[in-house]
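First the structure, in the form of C-alpha cells, and then the observations on it.
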Amino acid sequence: MAELLVSAPAKINLHLEVLGLRPDGFHELAMVMQTLDLADQLSIRPTADGAISLTCDRQDLPTDGSNLVVKAGELLRARVGLPELGAAIHLHKRIPIGAGLAGGSSNGAAALVGLNHLWGCGFSSAQLHAMAAELGSDMPFCIAGGTQLCFGRGEQLEPAGLEAAPALGVLLIKHPQASVSTPWAYGRCRELRSDFYLEAEVEFEQRREALRTGALLAGLRGEAALPPIRNDLQAVVEPEVASVREGLALLRQATGALAVAMSGSGPSLFALFPNAEAAAAAHTQLAVDLAAAGFEAWCCRCTGCGVTLG
Ligand code: C5P
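Be aware that the sequence shown starts at 2, since it is given in the working numbering, and climbs by one per residue.
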C-alpha cells in the first residue's frame, strides 16, 4: 500500500494560566493554544508484520517505545485488537525538540490519525480524542488545531470561535542547547506558587469565563488591541534559564511586536506581529543579535488546522 503523509503542526500558547492542582496530580489549566504553519511530517507505510518501527532524520530523538508515535500506534492497535498490524513510520523533524511547541505530542497525534486511516480502524473523532488524551494532555489539541481554549489538564477543548486563524505573524526563537522538562516546570510552579492556587470548581469556572469573555479573545478577533500574554510557567522558568531571559530581552527590542512570551513550559519564545511581513522585518532587524546569541529563528503564521492527512 502507498505511503501516507501526515502533517503534524507546532503550537504556541497564547495564554497559559495555572489554576490549581487536580486530584490526579496534574494541574488544572486555562489556556489558549494556537497551531502554526511550522510542522513535522510523518510518512507512514502500513505493514502486516506486527512491528511498529520509527526512523527520524534527527539522530538525537529517541525512536523506541518511549516516542509518542510508537505509543500511539501501540494503543490504537491494542484497542482494535489486531496484533498483526504494523507500520514503518519516518519522521521528518522541523519543529525544535523539547521546546514547549508540542512537537512530540503533535507527532503522536499525527500517528493516531494516520494509522486510524491506514489500518481502517474506523475510530470516531471522539474516540481518537479520548485515546489522545490518555497519551498526553496536549495531544487532543494537536489533532484539532486552530485557536482553541483548552481546560482541564489541557485536553478539554473549546473552539475560540474565530472566523479564521488570526492574521498575526509570529517570530519564534529557541536556543538549540536549551531544553526544559515539562514535569520539572510544573513541579517548580507547585513549589513556588501553590499557596496561591485556587481550589473550588466555582473559582476555576470564573477564570475560564474570564478567558472566554476577556481581552485576549477580543484582541484575536481584531476588536481590540492584543493584551500582554500570560504564561504562568514563564515566571517559573525565566529566573532559572539564562537563554529564556536573553531571548525575551532580544524579542522585546523588535519593532512592532504586539506581545512577547514563552510558549508552554519553554524554552522556545515568540513575538507576535500584526502580520507576517512585520514578523519577517523583525527577523531581519534582529538576525545579527539572534545569531550572535546562538538562537535559531523561524517566521511563522497562525493556522486553522491541526493534524492533516496529505
Ligand atoms: O500530559 P503530559 O504527558 O504532556 O504531561 C507531562 C507532565 O507535565 C506531567 O507528567 C505533569 O508533570 C505535568 N503536567 C501537569 N499538569 C498538566 C499537564 C502536564 O502537571 N495539566
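Every residue, glycine too, gets a C-beta built ideally from N, C-alpha and C.
Have a look at the DSSP bridge pairing and note the partners of residue i.
i, result
"Gln42", "Ser8 and His93"
"Pro47", "Ala88"
"Gln35", "Ile13 and Thr148"
"Lys175", "Glu297"
"His28", "Leu22"
Tell me whether the beta-carbon of residue i lies closer than 8 angstroms to the beta-carbon of residue j.
i, j, result
"Ile389", "Asp41", "Within the shown structure, residues of the chain are numbered from 2 to 311, placing residue 389 beyond reach of any answer."
"Leu129", "Asn117", "yes"
"Glu18", "Gly51", "no"
"Gly170", "Asn276", "yes"
"Val33", "Leu163", "no"
"Leu234", "Gly257", "no"
"Ala260", "Leu251", "no"
"Leu30", "Leu92", "no"
"Gly147", "Cys306", "yes"
"Ile45", "Gly104", "no"
"Ala88", "Leu173", "no"
"Gly74", "Ile53", "yes"
"Cys57", "Lys94", "yes"
"Gly265", "Asn68", "no"
Closer than 7 angstroms: is that where the CB of residue i sits relative to any heavy atom of the ligand C5P?
i, result
"Arg154", "yes"
"Phe296", "no"
"Leu30", "yes"
"Tyr187", "yes"
"Phe27", "yes"
"Pro24", "no"
"Pro184", "yes"
"Ser244", "no"
"Ser180", "no"
"Ser126", "no"
"Asp139", "yes"
At least one CB of chain D closer than 8 angstroms to the CB of residue i: is that the case?
i, result
"Leu273", "Chain labels in this structure do not include chain D; a single protein chain is all it has."
What are the boundary residues of the beta strand (DSSP E) that residue i is part of?
i, result
"Pro167", "Run containing Pro167: none; DSSP gives neither H nor E here."
"Pro160", "Gln157 to Pro160"
"Thr56", "Ile53 to Cys57"
"Leu234", "Leu234 -> not in any beta strand (DSSP E); alpha helix (DSSP H) instead, spanning Asp233 to Val238."
"Ala226", "Here Ala226 belongs to no beta strand (DSSP E), and DSSP marks it neither H nor E."
"Val261", "Ala260 to Met263"
Assuming residue i contacts residue j (C-beta within less than 8 angstroms), just tell me the rounded distance between them.
i, j, result
"Leu37", "Cys303", "6 angstroms"
"Leu1", "Ser269", "Since the first residue shown for the chain is 2 and the last is 311, residue 1 is missing from the structure and cannot be characterised."
"Ile90", "Ala112", "7 angstroms"
"Met140", "Leu76", "Between Leu76 and Met140 the Cβ distance is about 11 angstroms, and since that is not below 8 angstroms, they are no contact."
"Phe152", "Gly21", "12 angstroms between Cβ atoms; not a contact."
"Ala281", "Cys300", "5 angstroms"
"Ala11", "Leu39", "5 angstroms"
"Ala179", "Val242", "6 angstroms"
"Gly220", "Leu212", "With a Cβ gap of about 12 angstroms, Gly220 and Leu212 do not count as contacting."
I'd like the span of the alpha helix (DSSP H) that includes residue i, first residue to last.
i, result
"Phe312", "Only positions 2 to 311 of the chain appear in the structure, and residue 312 is not among them; the question remains open."
"Ala100", "Note, Ala100: premise wrong, no alpha helix (DSSP H); not H, not E."
"Leu218", "Ala216 to Leu221"
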